[in-house]
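Quick notes on the structure that follows.
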Amino acid sequence: MGRVLFDEGRVTSPLSSPTTTSLGLVQNFNDSRIQSYVLNYKRIFGASAVNDFRITYSRDAMTVADAVQEGMDALAFVPGRGFGVLAPGAVTGIQTNSSGPQFWRQNQFEYIDDAAVARGQHALKFGGIVKRLRYNSFNVGRLRGEYQFQTLQDLLLTRPNRFEAGHVTQGMRGMRQWLFGFYFQDDFRATSRLTFNLGLRYEFVTIVTEANGRIANLRNPLDPQVTVGDPWFRNPSLRNFAPRFGFAYDPGGNAKTAIRGGFGIYHDQLLSLYWRDSGNRILPWTRRLFITPSPATPVIPFPDAIRLFDLSRELLSDPTMFPELMPYDPSQPNTMQYNLTIQRQFLPTMSLMIGYLGSQSRHNSRNVQWNPSSPTAIINGEKFFAPNTPRRNPNFSSVLQREMDSNANYNSLQVVLKKRFSHNLNFDIVYQWGRIMDEMSGIAGSTDFANITSIAMDPDDRSRDYGRAAFDIRHYLTVNGTYEIPYGSLTGVVRQILGGWRLSSLFNYSSGEPFSVVNRFDRAGNNMLIYGFQERPNVAPGRSNNPIIGDPDRWFDTTAFELQPAGFFGNAGRNTLQGPNLITMDLAVLKTFPLGEARKVEFRWEMFNLMNRANFSQPTFTVFLNPTTRDPNAGRITSTRSSSRQMQFGLKFLF
18 MGRVLFDEGR VTSPLSSPTT TSLGLVQNFN DSRIQSYVLN YKRIFGASAV
68 NDFRITYSRD AMTVADAVQE GMDALAFVPG RGFGVLAPGA VTGIQTNSSG
118 PQFWRQNQFE YIDDAAVARG QHALKFGGIV KRLRYNSFNV GRLRGEYQFQ
168 TLQDLLLTRP NRFEAGHVTQ GMRGMRQWLF GFYFQDDFRA TSRLTFNLGL
218 RYEFVTIVTE ANGRIANLRN PLDPQVTVGD PWFRNPSLRN FAPRFGFAYD
268 PGGNAKTAIR GGFGIYHDQL LSLYWRDSGN RILPWTRRLF ITPSPATPVI
318 PFPDAIRLFD LSRELLSDPT MFPELMPYDP SQPNTMQYNL TIQRQFLPTM
368 SLMIGYLGSQ SRHNSRNVQW NPSSPTAIIN GEKFFAPNTP RRNPNFSSVL
418 QREMDSNANY NSLQVVLKKR FSHNLNFDIV YQWGRIMDEM SGIAGSTDFA
468 NITSIAMDPD DRSRDYGRAA FDIRHYLTVN GTYEIPYGSL TGVVRQILGG
518 WRLSSLFNYS SGEPFSVVNR FDRAGNNMLI YGFQERPNVA PGRSNNPIIG
568 DPDRWFDTTA FELQPAGFFG NAGRNTLQGP NLITMDLAVL KTFPLGEARK
618 VEFRWEMFNL MNRANFSQPT FTVFLNPTTR DPNAGRITST RSSSRQMQFG
668 LKFLF
């Protein structure tokens, strides 16, 4: 058997982000092409064995570019690169694609074999996979430069508080990696009422290499310069043995009650998601230039701060360089998952399931800025950073490393009431009460959650960031069902008109997502401030760390937070506040008109957000813009995350 899939497209849109706009002067182009080829050979050996062999090739290609209106290039921050980004504090900024043209080409070759053999009470499954990954990319970051300002007034007075730009001599990267995996599983039917599932998987990857030898790393954040050459990092995957165990038990032997449980270990391999940016953004071939006001440069020049940097040669160290690194000695991310459920059929068409699901994740990744200033004193148990304290490693600016050292856990109660179709009705009711705690919920930002904190607040103290995960939704309820309106003994035209109507509905409720309040500047003064970093203030004495009011114009009481003393971290925890709930109800009215035995027409009237409820987005998190100014928009909600009531009508012809 063979299969070929091919898909390509272009998305053209005015370039914008939650905090910037292009004013319609820039069109962003996102070109994608996906190709997939599969050859499959399956062979049956008698009545008890089958083998399935597959060869696959897939290619994902993406290019991001933009077209800038004539005249914009004259505003370039980096000669020959074009206009970049102006970000004036809480006010909407102006941008192009600051990273310039970018492209990614991922080619995967897979060789997969799966076999199944039945032997008495045993159903055996075993197999393996060999995968070859070729990842070619150009993704330097900030090639056109970016200026940041604390306020609009600072922009008008040309007083930036930060400038960042990328510089490249050899930007193209061709990363190469192998993955090997093998597994064995035995589904053992011990008795007519008890079945065990026993399995073991072993999977590992090779260390990433680069086609042209352009590999370098800062093997220790305190090293005076990067080390060029293999290995890029040490391999933590060679002991990735992953056992799995499960069981299913019918205590009554009448198929009305089932008790199920399981445990498994799962490894998250260090594939391209972890290293794709680091490979493009390292000395000596790429430099990420970064400057903030300092005694040496109290005022950042505008618009030509790029002249402060020596771009004439490749360097192994640079105090203005902002490298992004893979840790040289990473740990292996893994998760232990476990569950126990009891299901009971108490009516011929109705069953109830109650279950516990949990997991423990170890060595999760988190982004760490490893080159801040060191604390100069410990005062009342808190770190103090004196003004103008130098960085730990004076040979570099900020050093962003994707560390594998954080933990997460998940615990939940799940209840499912299910009614199969009878008496013209079927429905499902699902309720989940759970909790997800972690130290960082995203390493590359998120379009699904606005509350992602992508940089650790204190690189040496993970406990400061331990809190509710960005996607910790404590309560979740969904109800869906279908009801066929009975038409009794109607016949003829009356039956055609009044018969065959159905109602279908879907109701969803989820409690609010958590979020943190933040400062927009480096109050601690420890050189931590880089993109994605969010420093938190103090909770005012005697006040709650979740002071929710619930008004969209003032979702939380901003006076519950105060600016911590200069040189200290704030004591507000991560994700202690909770945003608005989400409630939606959809309804569909359907009618089927039969046209003979083999054809029919279906009429659909669909209503979304039937109650027309305003489901609000998260409020503005920033409380303090600078040492003297609170954000006037703090706590204010300015958008919704679901549409208003919408209806649509449709006809479907089935034959």
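Following our numbering, the numbering of the sequence shown begins with 18 at its first residue and continues without gaps.
Each residue gets a CB set at the ideal place from its N, CA and C atoms; glycine is no exception.
For Thr212, the closest alpha carbon among the candidates Thr168, His139, Phe199 is that of His139.
Per DSSP, the unbroken beta strand (DSSP E) holding Asp445 starts and ends at 442-455. By the Cβ rule, the segment 163-183 does not count as touching the segment 130-150, because fewer than three pairs are nearer than 8 angstroms. If you ignore the 5 residues before and after Ser660, its C-beta comes within less than 8 angstroms of the C-beta of Phe625, Asn626, all in its own chain and listed in chain order. Every unbroken stretch of the beta strand (DSSP E) spanning 3 or more residues and falling wholly within the segment 534-599 is given here in chain order: 565-568, 571-573. Put simply, of Phe126, Asn563, Ala265 the residue whose alpha carbon is nearest the alpha carbon of Ser75 is Phe126.
Excluding residues up to 5 positions away in sequence, Arg151, Tyr152, Asn153, Glu227, Ala228, Asn229 lie with their Cβ nearer than 8 angstroms to the Cβ of Gly191 in the same chain. With 16 or more other Cβ atoms from the protein chains shown falling within 10 Å of its own Cβ, His184 counts as buried.
When the Cα atoms are used, Glu501 and Met664 turn out to be separated by approximately 21 angstroms. Taking the Cα of Ala651 as reference, the smallest distance to any Cα among Gly613, Leu56, Glu456, Ser533 is reached at Ser533.
Between Val385 and Leu300, the C-beta gap is not smaller than 9 angstroms, which leaves the two residues out of contact. For secondary structure counted as the beta strand (DSSP E) over 3 or more consecutive residues, the segment 139-205 holds these complete runs in sequence order: 139-155, 163-166, 179-185. By the neighbour-count criterion, in which a residue is buried when 16 or more other Cβ atoms sit within 10 angstroms of its Cβ, Lys148 is buried. Of the other Cβ atoms in all chains shown, fewer than 16 fall within 10 Å of the Cβ of Met18; this residue is therefore exposed. Between Leu235 and Val416, the beta carbon gap of about 7 angstroms places them in contact (Cβ cut-off 8 angstroms). Three or more Cβ pairs drawn from the segment 387-395 and the segment 405-420 lie within less than 8 angstroms of each other, which places the two stretches in contact. With contacts defined as CB atoms closer than 9 angstroms, Ser521 and Thr499 qualify as a contacting pair. Just measuring C-alpha positions, the residue of Ala394, Arg519, Ala487 sitting nearest Ala541 is Ala394.
Ile323 sits in a helix when the DSSP states are folded into three classes. DSSP places Leu290 inside the alpha helix (DSSP H), whose first and last residues are 289-292.
Inclusion of Arg261 and Gly278 in the CB contact set at 9 angstroms is not warranted, their separation being larger than that value. In the structure shown, the three-state DSSP call for Asp482 is helix.
Taking a cut-off of 8 angstroms for Cβ pairs, the segment 196-205 and the segment 324-339 do not touch, as fewer than three such pairs fall below it. For Val511, the secondary structure class from DSSP, reduced to helix, strand or coil, is helix.
Here the segment 344-354 lies against the segment 250-259, with 3 or more beta-carbon pairs under 8 angstroms apart.
About 6 angstroms separates the CB atoms of Phe201 and Leu217; that is less than 8 angstroms, so the two are in contact. Of Val225, Ala473, Gly372, the smallest CA-CA separation from Ser429 is found for Gly372. Ranked by Cα distance from Phe46, the first of Arg27, Phe62, Ser53 is Arg27. A straight line joining the alpha-carbon of Leu580 with that of Phe363 spans about 58 angstroms.
Judged by DSSP in its simplified three-state form, Asn57 adopts strand. Counting of Cβ neighbours within 10 angstroms places Ile61 among the exposed residues, the total staying below 16. DSSP places Pro365 in no beta strand (DSSP E); its state is neither H nor E. Ranked by Cα distance from Val67, the options Val102, Leu56, Asp131, Asp48 are led by Asp131.
Between the segment 584-596 and the segment 547-561, the count of C-beta pairs closer than 8 angstroms reaches three or more; the two stretches touch. A Cβ-Cβ distance of about 41 angstroms is found for the pair Ser53 and Leu103, leaving them out of contact under the 8 angstroms criterion. Here Ser65 carries a coil assignment [DSSP, helix/strand/coil].
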